[in-house]
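All letters in the sequence shown, in the order written, are residues 19 to 279 by the numbering used here.
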Amino acid sequence: MRTSRRLAIAIALVATISITFPALTAATHSWGGYHWARTSNPFTLKLGDNVSTAWDAYLVTASSDWSASSVLDTTIVAGLARPKNCRPSAGRVEVCNASYGNNGWLGVAQIWVSGGTHITQGTAKVNDFYFNMASYNTPAWRRMVMCQEVAHTFGLGHQDETQSNANLGSCMDYTNDPDGGAGGASATDPSNEHPNAHDFAQLETIYAHLDSTTTLASSVQAAGAASGWGRLVAVTNGGRTSVYVAGAGDQLVISFVIWAN
């Protein structure tokens, strides 16, 4: 695998926003306070199925796992996107897989935000270029990345971004050992293939208030994201975390990228 410019394996969170520059709140793993507007809890978020049969079971698992939350349910519906470009649809999340190339990332989640905080649409993509390789073509890697990318579209960030430490038992914990146990940082740590109690508590915090309107109602096809990640604006976690911004004014594309060694 080519690793020039540290393009190892990345999991990226990308958001298009209209008001402010987002920030990851590490202590609570809410990402910028972004959330879907809704008038009641629990609310239902549609996940458009644009994935192949190789990914269907993992999408079903992610949907089922996150629907255990007290504040949101997810339901899988027919996809409206072509997997290769995975264009968003307003009021829902399109989930896609394709061979997106030797570009360094396993998965990318995108959210569009209006009014400063409200998510209006999202996409989650998994990159078959890497998942067709033996080292990543495992149930544990597929479950973790699908679980994490879908959850980013709720407004969740990572619980932890140090890939080499013991697992927290959450798919929102970045790791190089998703199934846990022997072979990783600890012989007894849990797998990172599903959400944990802290993830559900964070969702309850993010969605504690109700809104007077909803961003879940529309299914109109929307414009795609801007191309490229733009300029580098922040590097943290020993160089494993990078933030990029593209665009100008009140329409920005923010890329939150996690790099492996």
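Where a beta carbon is used, it is the ideal one built from N, C-alpha and C, also for glycine.
Keep in mind that this is a model prediction, so the values were computed, not measured.
Would residue i be called buried (16 or more neighbouring beta carbons within 10 Å of its own) or exposed?
| i | result |
| --- | --- |
| Val168 | buried |
| Thr156 | exposed |
| Gly50 | buried |
| Leu228 | exposed |
| Gly175 | buried |
| Ala200 | exposed |
| Met280 | Summary: the structure shown does not reach residue 280, with the chain confined to residues 19 through 279, and so no result is reported for it. |
Select from the options the residue whose C-alpha is nearest the C-alpha of residue i.
| i | options | result |
| --- | --- | --- |
| Phe147 | Leu124, Pro60 and Val113 | Leu124 |
| Lys102 | Met190, Asn115, Val111 and Gln139 | Asn115 |
| Thr232 | His47, Thr62, Ser48 and Leu221 | Thr62 |
| Glu222 | Arg105, Thr193 and Ser85 | Ser85 |
| Val89 | Arg56, Gln181 and Trp159 | Arg56 |
| Ala72 | Ser209, Cys104 and Arg161 | Arg161 |
| Thr93 | Ser82, Cys189 and Val144 | Ser82 |
| Thr180 | His170, Tyr192 and His47 | Tyr192 |
| Ser48 | Leu234, Thr171, Gly187 and Tyr154 | Thr171 |
| Asp74 | Pro106, Ala108, Thr46 and Val113 | Val113 |
| Ala142 | Arg105, Ser132 and Tyr154 | Arg105 |
| Ser127 | Ser230, Val144 and Phe149 | It is Ala, not Ser, that sits at residue 127 in the sequence shown. Measuring from the Cα of Ala127, the nearest candidate turns out to be Val144. |
| Asp207 | Leu186, Phe218, Ile224 and Ser117 | Leu186 |
| Gly66 | Ser58, Pro60, Asn59 and Val78 | Val78 |
| Tyr52 | Gln177, Ala215, Asp178 and His136 | His136 |
| Gly173 | Leu98, Ala205, Gly140 and Ser204 | Gly140 |
| Asn320 | Ser87, Leu98 and Ser58 | The chain is shown from 19 up to 279; residue 320 falls before or after that span and cannot be answered. |
Which residues bound the alpha helix (DSSP H) around residue i?
| i | result |
| --- | --- |
| Thr62 | Taken as a continuous stretch (DSSP letters only), Thr62 belongs to no alpha helix (DSSP H), being part of the beta strand (DSSP E) at Phe61 to Asn68. |
| Thr233 | First-last for Thr233: undefined, no H or E at that position. |
| Tyr76 | Thr71 to Trp84 |
| His216 | Ala215 to Ile224 |
For residue i, which of helix, strand or coil comes out of DSSP?
| i | result |
| --- | --- |
| His53 | strand |
| Ser48 | strand |
| Asp191 | strand |
| Asp178 | strand |
| Leu186 | coil |
Any beta carbon from chain C within less than 8 Å of residue i's own beta carbon?
| i | result |
| --- | --- |
| Val113 | Annotation note: the requested chain C is absent from the structure, which comprises a single protein chain. |
- Pick out the complete alpha helix (DSSP H) segments inside the region 89–170, 4 residues or longer, and give them in chain order. 146–149 and 157–170
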